[in-house]
Amino acid sequence: MEGFKLEKREHAIKSSRVLDIVQVGLMTAIVYVATYIVHVKTFMGVMHAGDSMVFLAAMLLGRKKAALASAIGMCLFDLTNGYVNWAPFTFVIKGAMAYITAVIAYRGNYNGEKLWNNIMAFIIAGIWMIGAYFIGGAIILTFLEPEKQAFVQSLIISAKDIPTNIAQVIIGIVIAVPLLGALRKSGIKNVI
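Take the position in the sequence shown, starting the count at 1, then add 54; the result is the number in this note's numbering.
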């Protein structure tokens, strides 16, 4: 009887790991596709609709899985679309963006169910992303580009993408909020 319980527990653990892998893999693909389908080149990078899926991942999968799916999905976009210098920055920035969103949305008794708290989570995570890409752009211009710039000048140049990053966050929120509401009404949150 003890052996049967142990075997059943091991099976449950393996099933849980498989489910985690499937959820992260599926959300990684969704993040990548949303970023790829709707993207526009900007001064130093790209503006896209993928942030909406980063927010959605945080709300559906929680901190760790959303961070992993967002980091991998966005990083793959950079690697496959000519933004190789950005890939390591994107991995960290988008992973942290999803993590921040989930931490705020699920703090205390909110459980990701309070609209105003979720919007606040999206905004704070968006501010992180804007600031991090601003600094990341300056680092790339200072150390990784063939025509290296002084760091102060790199900060000035990198600031040119702040308005498009703000727009990207707003677009992400505008897409994520109603989509999350629709998914909640459909009961998908209980399935995932």
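From the three backbone atoms N, C-alpha and C, an ideal C-beta is built for every residue, glycine too.
All of these numbers come straight from a predicted model, not from anything done at the bench.
query = When the Cα atoms are used, what is the spatial distance from Ile210 to Met174?
reply = Position 156 of the sequence shown, counted from the first residue, corresponds to residue 210. Position 120 of the sequence shown, counted from the first residue, corresponds to residue 174. Whole-angstrom Cα-Cα distance: 28 Å.
**Prompt:** Are Ile227 and Phe176 touching if we call contact CB-CB under 7 Å?
**Reply:** Locating residue 227 in the sequence shown gives position 173, where the first residue counts as 1. Locating residue 176 in the sequence shown gives position 122, where the first residue counts as 1. The Cβ-Cβ distance between Ile227 and Phe176 falls below 7 Å.
* To do: Classify Ala221 as buried or exposed, calling it buried when 16 or more other Cβ atoms lie within 10 Å of its own Cβ.
  => Here residue 221 refers to the residue found at position 167 when the sequence shown is read from its first residue. Ala221 comes out exposed.
task = Quick one: grab the DSSP three-state call for Lys168.
result = Taking the sequence shown and counting its residues from 1, the one referred to as residue 168 is at position 114. The answer is coil: DSSP assigns Lys168 none of H, G, I, E or B.
Pull up the CB-CB distance for Arg117 and Tyr153, whole angstroms please, since I reckon it's below 8 Å. Working through the sequence shown from its first residue, we reach residue 117 at position 63. Working through the sequence shown from its first residue, we reach residue 153 at position 99. In this structure Arg117 is in contact with Tyr153, their Cβ atoms being roughly 5 Å apart against a cut-off of 8 Å.
Note to self: Judging by CA-CA distance, which residue of Thr218, Leu110, Met98 is the nearest neighbour of Ala159?
What the structure shows: If you number the sequence shown from 1, residue 159 lands on position 105. For the options Thr218, Leu110, Met98, the alpha carbon positioned closest to that of Ala159 is the one of Leu110.
Practice item. Verify whether the separation of the beta carbon atoms of Ser106 and Ala230 is less than 7 Å. Key: The residue labelled residue 106 in the question sits at position 52 within the sequence shown. The residue labelled residue 230 in the question sits at position 176 within the sequence shown. In terms of Cβ geometry, Ser106 and Ala230 form a close pair [threshold 7 Å].
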